[in-house]
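Step one of this worksheet: look at the structure below.
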Amino acid sequence: MQLALAPLQTYTDYHFRNAHQAVYGGVDKFYAPYLKMNNDGTIKSAPKIDVLPVNNPLAQVVPQLMACSVEDFFIMADYLEELGYTEVNWNMGCPYPMVTNRNLGAGILNKPDDLKRLLDAIVPRLTMRLGIKMRMGMDSTAEILDILPALNDYPLTEIIIHARYAKQLYNGGCDHAQFANCIALTKHPLTYNGDITSAEEFEELQQLFPGITNWMIGRGAMVNPALFEEIKTGRFDDSETYRSRLLVFTDHLENSLVACNPDKGYALSKLKSYWEYLADELDDGNKLFRKLKKTKTLSEFREELLVFMD
Ligand SMILES: Cc1cc2nc3c(=O)[nH]c(=O)nc-3n(C[C@H](O)[C@H](O)[C@H](O)COP(=O)(O)O)c2cc1C
Numbered sequence: 006m007q008l009a010l011a012p013l014q015t016y017t018d019y020h021f022r023n024a025h026q027a028v029y030g031g032v033d034k035f036y037a038p039y040l041k042m043n044n045d046g047t048i049k050s051a052p053k054i055d056v057l058p059v060n061n062p063l064a065q066v067v068p069q070l071m072a073c074s075v076e077d078f079f080i081m082a083d084y085l086e087e088l089g090y091t092e093v094n095w096n097m098g099c100p101y102p103m104v105t106n107r108n109l110g111a112g113i114l115n116k117p118d119d120l121k122r123l124l125d126a127i128v129p130r131l132t133m134r135l136g137i138k139m140r141m142g143m144d145s146t147a148e149i150l151d152i153l154p155a156l157n158d159y160p161l162t163e164i165i166i167h168a169r170y171a172k173q174l175y176n177g178g179c180d181h182a183q184f185a186n187c188i189a190l191t192k193h194p195l196t197y198n199g200d201i202t203s204a205e206e207f208e209e210l211q212q213l214f215p216g217i218t219n220w221m222i223g224r225g226a227m228v229n230p231a232l233f234e235e236i237k238t239g240r241f242d243d244s245e246t247y248r249s250r251l252l253v254f255t256d257h258l259e260n261s262l263v264a265c266n267p268d269k270g271y272a273l274s275k276l277k278s279y280w281e282y283l284a285d286e287l288d289d290g291n292k293l294f295r296k297l298k299k300t301k302t303l304s305e306f307r308e309e310l311l312v313f314m315d
């Protein structure tokens, strides 16, 4: 079984990935949120910095990019290759209209001819390994039934499927029946992704898809960073241990954020965004998060956490 941490832009950045490795276990593969181009032909700086090897001293991450032209694809892929990466993941999953309207992210999924044209131009030139992370379609999960056979023509390392269609955004459930149909349609290693939030749910999915060995978890791990361990070992921390590890995790996050940007306001606002998820797993977490949101300094933030955890 292989468990991967999903890329979540602004959340599963190197601060999160490194802190997670310092405190928790169970992740076999980390994915970095996507690189994207600015309008002036340069790569956006935050994700560029996120994948620097110096910021990723622990497990090697799989970087991701989002492109809808051969030129942009190679500007980003070449950057990653120069940094020493040997594999890149192509984002065909981002569902937001301002992205998909430009054929980026999931916007390519309902244009199979464009997708093939891009792959035909990119694959022969690319010296890195290529994987794809995708939704099941733009307007319906049925679109994937045509896409997967077409992707068999290319040497992909993997296909990660978030089992929703793009127009759903994050609403509604994942389409498990359609995911089951996908298994026979691809020759590539397949990863299931979508709504795994507990070890129990994971087991149900495992029973549903017994042949699937690769799994990716995003929001479930933002809420409960111990989820990978829980799935792998079947052991659960008692409430006190769970909370004290969260505090240590927060220390690691804070130290990394302050080291990256001495403006303490930056660290505070990032900690608040991580804790919007982390608080969800705790009894009275909503109350805690309301208090954390109001804090004005890192020490106030810590104080609120300590009072709550006491
Ligand atoms: C805030 C946020 C940011 C995301 N950023 C990315 C991203 O950079 N690249 C990507 O492929 N998917 C991204 N996703 C999608 C997740 O990787 C994942 O496919 C999706 O959340 C479903 O998995 P989950 O239910 O385990 O969270 C993002 C999702 C969220 C909620």
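Under the working numbering, the very last position in the sequence shown is 315; numbers go up by exactly one each time. Note that CB positions come from ideal geometry on N, CA and C, so glycine has one too.
Around Y19, the same chain offers D55, N60, N61 as residues with beta carbons nearer than 7 Å, after the five sequence neighbours per side are excluded. For I166, the pairing in a beta bridge is given by DSSP as M139, Y197. F35 is bridged by DSSP to L10, V66. When the beta-carbon positions are compared, L303 and Y279 stay at least 8 Å from each other. Contact annotation, N229 with E305: C-beta distance approximately 25 Å; criterion of less than 8 Å not satisfied. For C265, the Cβ stays outside the 7 Å cut-off from all heavy atoms of ligand 1. When C-beta atoms of the region 242-253 are compared with those of the region 203-220, fewer than three pairs fall below 8 Å, so the two segments do not count as touching. Sorted by chain position, residues whose beta-carbon lies closer than 6 Å to a non-hydrogen atom of ligand 1 are A11, P12, L13, Q14, Y16, P38, Y39, Q69, N96, G98, K138, H167, N198, G199, D200, I201, I222, G223, R224, G225.
Apart from the 5 residues on each side of it in sequence, K41 sits with its Cβ closer than 6 Å to the Cβ of K49, M71 in its chain, given in chain order. Remark: C-beta atoms of E92 and V67 approach each other more closely than 8 Å. N260 carries a helical assignment under DSSP once its states are collapsed to helix, strand and coil. Using a Cβ distance threshold of 8 Å, F254 and V32 do not count as a contacting pair. The closest CA to that of L120, considering only D151, M103, S145, E163, is found on D151.
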